[in-house]
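Take a look at the structure set out below.
There are 4 protein chains.
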Amino acid sequence: MCRWIAYRGETTALEHYVTEPSHSLIAQSIQALESTASINGDGFGLGWYGQHAEPGLYREIRPAWSDENLRYLCRHLQSHLFFAHVRAATGTAITRANCHPFACGQWLFMHNGFLGNWNRWRRRVEALIPDALYPSRIGTTDSEAIFLAMMGAGIEQPLAAAATVLAALSDFVNQSDPGDRFRLTAALANGRDLYAFRYAVNDRANTLYYSESERGIVVVSEPIDRDKNWVAVPENHVLIACAGERARIVPLFERHREAAE
Amino acid sequence: MCRWIAYRGETTALEHYVTEPSHSLIAQSIQALESTASINGDGFGLGWYGQHAEPGLYREIRPAWSDENLRYLCRHLQSHLFFAHVRAATGTAITRANCHPFACGQWLFMHNGFLGNWNRWRRRVEALIPDALYPSRIGTTDSEAIFLAMMGAGIEQPLAAAATVLAALSDFVNQSDPGDRFRLTAALANGRDLYAFRYAVNDRANTLYYSESERGIVVVSEPIDRDKNWVAVPENHVLIACAGERARIVPLFERHREAAE
Amino acid sequence: MCRWIAYRGETTALEHYVTEPSHSLIAQSIQALESTASINGDGFGLGWYGQHAEPGLYREIRPAWSDENLRYLCRHLQSHLFFAHVRAATGTAITRANCHPFACGQWLFMHNGFLGNWNRWRRRVEALIPDALYPSRIGTTDSEAIFLAMMGAGIEQPLAAAATVLAALSDFVNQSDPGDRFRLTAALANGRDLYAFRYAVNDRANTLYYSESERGIVVVSEPIDRDKNWVAVPENHVLIACAGERARIVPLFERHREAAE
Amino acid sequence: MCRWIAYRGETTALEHYVTEPSHSLIAQSIQALESTASINGDGFGLGWYGQHAEPGLYREIRPAWSDENLRYLCRHLQSHLFFAHVRAATGTAITRANCHPFACGQWLFMHNGFLGNWNRWRRRVEALIPDALYPSRIGTTDSEAIFLAMMGAGIEQPLAAAATVLAALSDFVNQSDPGDRFRLTAALANGRDLYAFRYAVNDRANTLYYSESERGIVVVSEPIDRDKNWVAVPENHVLIACAGERARIVPLFERHREAAE
């Protein structure tokens, strides 16, 4: 079911968040505590923004816990906005192309969850991807398809794009009786702003926490230490961490958002 | 552009055809002679039939020349019908799921060639795959999509299924002006019978040879030695090597086949 | 700390012992029950005897649980004597050359355990390997070094060779104060006969069980099902399963063996 | 036989030297021009210095030409001193631990060449490694052993340490009749200074070139473009590129160096 961490803030070496904490993502790869899969050993990935316009990616199919390259990179890469992800596959192949994060242009996306009965809905979800973006579908996961569908739904307005796609996916799974389960806990970024979604249909949402300080914000599937103050993101809400602003949480869907404002 | 070998005949250790010949497939992985890509180092695969109803597969993304597992397996696996393939990727990811051969039920398929402008035609080709077989699309290559389209076109009549799919693909590439190039040199088997196709549209076909003896038949992208008598399969023809029969060659398309009979 | 299984008996598909049982080795790779390491995801290996004079090997650094090649091979490979091993590394690199089993000539060896403070004793253990066998040291594990030392100590008499090497290793670890821990639970075979060792110095030995029937004998780190009758091998004993004979258990060291006879 | 590139100068993205040039190291991985092995597809590696006291490493067993991680890292990693290497193995295993560069403390080393009859001399070369450094021997190559021997011979004086070890190795190979061939073209760095050695015994040395400008110095197995002015390093000489100084070339052995000064 995967575990992940996203960071936005002062430029820092990735190791301070990915490898060093007492319950770091690497530790979670071999023993997660709040996940249905305690072992997340089906590959991993890093995505980060630097001086180049597009983000960097390092993805590998080996377990994170034994990858010496990962330790070197986390020590040497510095970034103001980065993602890290350890994977527990739910049916699709163990390939680099199926490891998170996914990159498209300046955008990064990663995901924890699943779309129940993926083989039934796969074609419909893939049909949400516009032709122009279909060449970017280099893997076969539900996660990548959802990302590319969001890209095609007007990613410049990330909340609206996400709401559009999640509504469509919710419709799909509700067409079965009983409805298929759908859980999505995802992070999205464009190099400046960071969005984290917690959503579920016909099921409980996966856990999602964040901790904010003067230095920046960390968003995680489960807390990486006991030192920081971890706040749970409510179900069906999105955490918005724009550059230069305090993070805020809003309901995922427009009508709820309007009511909340 | 890939190189491959297919064998049907007396049960034999794979090594006699895959690793031992002077210009074996392993040698071709590092220096092919009749291919546009002299190096076929983007993964490889074995597919073979044994006592189990479904074929076995061994696919790996490393170059064939340095894989010690491959040498052990070729020495120890014995089969009356097997495929081996070394890959030179033409754009899709280097993953096991994109390595040949592909298996579906009792069928094996492998391919050398390409469908020009794959990103333009990919969705149309994938649309040829029936819903029931779409879960078998675990990779992203044109080759696997063509195979599954053939499966869906009535694979029990392999020549008709192949003709149907190749006609559809030819229509696609001819919709561009000038027509996109399309080359397919492929092997297909069901555990008893072996079919090898040599076809091209808007281009010359890739080379395809076979050698038949009392012991069986070997079909290759390029000759693996100078000892045997290698016969070229004509363009736009299919080699049919049914169990218990001498091999024969017929034109790929029905109207030609009728004329030939 | 690794988990393994060894089989000698009627020729059978490996899957019946490696992948199919309720608590199969593949299941143990992701959740072992009697091991200090519950996850054995640092590579795996198969070794088997067939028609060729030397055994076959398939070793891979990915976790066993996600390797589709392994499932195909276990279904298609048939053998009268085979080993399978899942690894939890204890410090040495995750490479195929460090995965078990190890082969040398007609011999196979695999191991579960460790030689405490390996870096202190490594050179001394490597010095036990004769010059003629040193080219066979293609990895860096303690396990491979112990195997090659046994090969050099007169492997034609496997019990004597093992006793010689284990005595030397015991001397090494006892030179520190307090003595370093040393645990070895290992299997050794030559294509006909199978030997399984359970030994420890300054520590408790790892678990070792076997189950014998008309069809053959299975030796395991921990039981693979609840159907068979599993018997524990006593500490500091060796299980001898020669072709055509009932298995017997003898003390590891000569003076004990004499007393036992 | 490997190809490599080393850079010292203004901080720059690795891509300008590793992936972008017309005959870049990546191009050389698939078609080297001045090497006995035109294909260098047996793994690769990057080593670089950044803000951390110790260098970073990224090593992988796949061919460099198909590794998408490598392209991302070369775009995003910036360094004032870095190494890149593509490997053509000469007998030792294809493992990350056998890929260059090798790191030990603040030092980096990489190598192109071979020590003829390695299996005959291996133990003697390994015996040159001091006990304290033997735990750093995580692979099995001649290259790593030579590096660790140099580390043990007083690496703070790199020229003297190299001369000591190369003299010892030369003695070894000359003990056979006819003498075994020994070729070494190697780079060594400590984060500030860069040394490049070109040496051979009983054979011609591999090629080694450099190009120096205001911005820094590039040292290569073979020229990466036609734009720069490439100067060959003479056989049995060492190129010294200390921080803040113009590069200079001196004979490898002391008596020659004295004569040259």
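Chains as they are written, first to last, in the numbering used here: chain G, 247 to 507; chain C, 247 to 507; chain H, 247 to 507; chain B, 247 to 507. Ideal placement from N, C-alpha and C gives every residue a C-beta, glycine not left out.
Does chain H have any CB closer than 7 angstroms to the CB of residue i?
i	result
G:Asp388	no
C:His298	yes
B:Ile384	yes
Could you tell me whether the Cβ of residue i comes closer than 7 angstroms to any Cβ of chain C?
i	result
H:Leu412	no
G:Asn475	no
B:Gly272	With the sequence shown as reference, residue 272 of chain B is identified as Ile, and Gly is not the correct amino acid for it. For B:Ile272, the answer is no, since every Cβ of chain C falls outside 7 angstroms of its Cβ.
Kindly say whether residue i, judged by its beta-carbon, lies nearer than 7 angstroms to any beta-carbon of chain B.
i	result
G:Gly302	yes
H:Ile375	no
C:Ile470	no
What are the partner residues of residue i, as DSSP defines its beta bridges?
i	result
G:Pro497	G:His483
H:Phe290	H:Glu306, H:Val332
G:Ala255	Checking the sequence shown, residue 255 of chain G turns out to be Gly, not Ala. G:Gly255 is bridged to G:Gly462.
C:Arg492	In the DSSP output, where bridge partners are listed per residue, C:Arg492 has none listed.
C:Arg249	C:Val332
Of all Cβ atoms in chain G, is any one closer than 7 angstroms to the Cβ of residue i?
i	result
C:Ala343	yes
C:Ile392	no
C:Pro381	yes
H:Ile463	no
H:Ile276	yes
B:His262	no
Contact between the stretch 434 to 450 of chain C and the stretch 481 to 501 of chain G (3+ Cβ pairs under 8 angstroms): no
Could you please tell me which residues of the stretch 307 to 341 of chain H, in chain order, have their CB closer than 8 angstroms to any CB of chain C? Glu314, Asn315, Tyr318, Leu319, Arg321, His322, Leu323, Gln324
Indicate whether the contact test is met: 3 or more Cβ pairs, each with one atom in the stretch 418 to 438 of chain C and one in the stretch 486 to 496 of chain G, closer than 8 angstroms. no
So if I threshold CB-CB distances at 7 angstroms, which residues from the stretch 279 to 295 of chain G count as touching chain H? Flagged, chain order: Ile285, Gly287, Asp288.
Three or more C-beta pairs under 8 angstroms: does that hold for the stretch 383 to 399 of chain B against the stretch 335 to 351 of chain B? yes
Can you give me, in chain order, the residues of the stretch 354 to 372 of chain H that have a beta carbon less than 8 angstroms from any beta carbon in chain B? Asn365, Arg368, Arg369
Using 8 angstroms as the Cβ pair cut-off and three pairs as the minimum, do the stretch 284 to 302 of chain H and the stretch 296 to 304 of chain C touch? no
Please specify which runs of the alpha helix (DSSP H), each continuous and at least 4 residues long, are wholly inside the stretch 402 to 482 of chain C, giving them in chain order. 404 to 420
Given 8 angstroms as the limit, is there contact between the stretch 378 to 386 of chain G and the stretch 407 to 418 of chain G, that is, 3 or more CB pairs closer than that? no
Taking contact to mean at least 3 C-beta pairs separated by less than 8 angstroms, is the stretch 257 to 277 of chain H in contact with the stretch 462 to 473 of chain H? yes
4 or more residues per run - each alpha helix (DSSP H) lying fully within the stretch 301 to 376 of chain H: DSSP runs (the alpha helix (DSSP H)) wholly in the stretch 301 to 376 of chain H: 314 to 322, 364 to 373.
Taking a cut of 8 angstroms between CB atoms, which residues from the stretch 486 to 499 of chain H lie near chain G? none
Hey, is the stretch 353 to 364 of chain H in contact with the stretch 310 to 324 of chain H, meaning 3+ C-beta pairs nearer than 8 angstroms? no
Spell out a yes or no on whether the stretch 367 to 375 of chain B and the stretch 415 to 424 of chain B are touching, meaning 3 or more CB-CB pairs, one atom from each, closer than 8 angstroms. yes
Is the stretch 419 to 426 of chain H touching the stretch 448 to 467 of chain H, taking contact as three or more C-beta pairs under 8 angstroms? yes
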